[in-house]
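Okay, so here's the structure we're looking at.
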Amino acid sequence: MNNATEKSENRNRYQTPVKEPGIAHFLFGDTRSAPVWLVVRVWLGLQWVAAGWSHLKIWDFNNGGYVHNGGASLKGYWDGALAIAPGGTGAKITYDWYYDFLKFLRDGGHYEWFAWLITFGEIAVGLGLIFGCFTAVAAFFGTIMNFSFELAGTTSTNPVLFGTAILIILAWRTAGWWGLDRYVLPLVGTPWQRGKVLGKNKKEDYDTGNTIPPTGGIPSA
Amino acid sequence: MTNDMMLRRFSTLNLTFTGGLGVLGGLWLIVSPYLFDYNNLPTAAKFVENGSNATLLGLITGIITIAISIFLIATEKMPQMQLYRNIGGWLLVVMGVFLMAAPYLFNYSMLRDPLWNLQLTGAVFVLIAGYVMQELTLRDKKTS
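Here's what the structure looks like:
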């Protein structure tokens, strides 16, 4: 038995008997759901770019964003979050380990470069989502930021953005179909399916589905 | 509902139908600033100018949308215009994305009514025109 057959048999053997609903297949596995994801992606991306842009504002000396004045605004935000230790009345942070982490960053003066990291991270995540380039990776880093802001005690729009990003991550194969991922993913590939650029393609790879075909579609049998 | 059932339900959508909805969408873009009274939104005075910008944007995008939509309807029985009809359909998709981005591009994302109105209208444009264009593209690929 060759490796591909064995993998296929194992997949069938251990597959759950509960079938996937049609809507799940449509949204997460069918490229025809691309218009839906375009709307979701653009909406989420705009939120991130707008947030990053408001934090950038280095030209606005009176009302600068995070990066203005050596990250003073971010330091102020951290000061607010760290004002009361976890367990105290009105504490913003619940977990000791996150409190210690944030305190370490603030006391070490790391807000100066962290302000740039957050600002450009937000803009990069937003652009990745809007243009559909490494969509799921962008959404993943978006969730990391949402997660961090929430741990620091800021709810705001973070739960909604987090939930939306999770959906985009689940739809990583279809969310960027109407975007750059349609061309980038087949070129770069994945760790489990070689692309055109990374890794040398062989005919048997196409046959076994180990390489994404140039068209980006499902390999023919 | 299975995937095929869902697709069959939408199979009656075509460019002429999209054009009809586009006319309604364009009218909505023109009328809605007055329905929501963008120029008298309960916000700080400095945002009033942004409210009138949103009204102007609704007017311009509405007229463009109606023009494209009427073209889609008028050229229904002209096979030689199919390429331009397809371009018109895709332009409605682009218009939808533009409408979603417009509140941020023109700096009135802080005005709740224009923000939600334009984003929802844009989303509907992308969903309907996008779905129809995708179906047409797939059909063209099958028949060629």
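Protein chains in written order, with the numbering used here: chain A, 374 to 594; chain B, 22 to 165.
Ideal Cβ placement from N, Cα and C applies to all residues, glycine included.
- For Thr37 of chain B and Ala445 of chain A, the gap between their C-alpha atoms comes out near 56 angstroms.
- By the criterion of at least three beta-carbon pairs nearer than 8 angstroms, the region 134-149 of chain B is in contact with the region 402-415 of chain A.
- No Cβ-Cβ contact shorter than 8 angstroms links Asn35 of chain B with Val115 of chain B.
- Counting only Cβ-Cβ distances below 8 angstroms, Pro559 of chain A has no contacts in chain B at all, with the closest Cβ about 18 angstroms away.
- Judged by DSSP in its simplified three-state form, Asp480 of chain A adopts helix.
- Flagged as an interface residue toward chain A: Gly151 of chain B, by a C-beta distance shorter than 8 angstroms.
- In the three-state reduction of the DSSP assignment, Trp545 of chain A falls in the coil class, being assigned neither a helical nor a strand state.
- Three or more Cβ pairs closer than 8 angstroms define a contact, and the region 524-534 of chain A meets that threshold against the region 449-465 of chain A.
- For Pro408 of chain A, a Cβ of chain B is located within less than 8 angstroms of the residue's own Cβ.
- In terms of Cα proximity to Trp416 of chain A, the closest of A:Ile396, A:Asn385, A:Val510 and A:Ile541 is A:Ile541.
- Here Phe507 of chain A really is in contact with Gly501 of chain A; their C-beta atoms are around 6 angstroms apart, less than 8 angstroms.
- Within the same chain, no Cβ atom closer than 6 angstroms to the Cβ of Pro532 of chain A is found once the five residues on either side in sequence are excluded.
- Lys163 of chain B: member of the alpha helix (DSSP H) spanning Arg133 to Thr164, first to last residue.
- Contact annotation for Gln140 of chain B against chain A: Trp416 [CB-CB distance below 8 angstroms, chain order].
- If you compare the alpha carbons of B:Tyr125, B:Leu157 and B:Gly47 with that of Ala424 of chain A, the shortest gap goes to B:Tyr125.
- Listed in chain order, the non-local C-beta contacts of Gly418 of chain A below 6 angstroms within the same chain comprise Gly499, Leu502 and Ile503, local neighbours out to five positions each way being set aside.
- A distance below 8 angstroms separates the beta carbons of Leu478 of chain A and Tyr484 of chain A.
- Neighbours of Val498 of chain A in chain B, taken as residues at a C-beta separation under 7 angstroms, are lacking, since the least C-beta distance is about 15 angstroms.
- In this structure, A:Phe513 is the residue among A:Phe513, A:Tyr556, A:Val557 and A:Leu558 with its C-alpha nearest to the C-alpha of Gly536 of chain A.
- Burial state of Lys448 of chain A is buried, judged by a 10 Å Cβ sphere holding 16 or more other Cβ atoms.
- Taking a contact as a CB-CB distance under 8 angstroms, the pair Ala458 of chain A and Tyr472 of chain A counts as one, their CB atoms being some 6 angstroms apart.
- Close to Val412 of chain A, with beta-carbon spacing below 7 angstroms, are these residues of chain B in chain order: Ala144, Val147 and Leu148.
- When secondary structure is reduced to three states using DSSP, Gln388 of chain A falls in the coil class, being assigned neither helix nor strand.
- Secondary structure at Leu447 of chain A: helix, using DSSP grouped into helix, strand and coil.
- The beta carbon of Leu139 of chain B lies closer than 6 angstroms to those of Leu120, Ala123 and Pro124 in the same chain, with the five residues before and after it left out.
- When secondary structure is reduced to three states using DSSP, Met99 of chain B falls in the coil class, being assigned neither helix nor strand.
- Residues of chain A with a Cβ closer than 9 angstroms to the Cβ of Met121 of chain B are, in chain order, Val412, Val415, Trp416 and Leu419.
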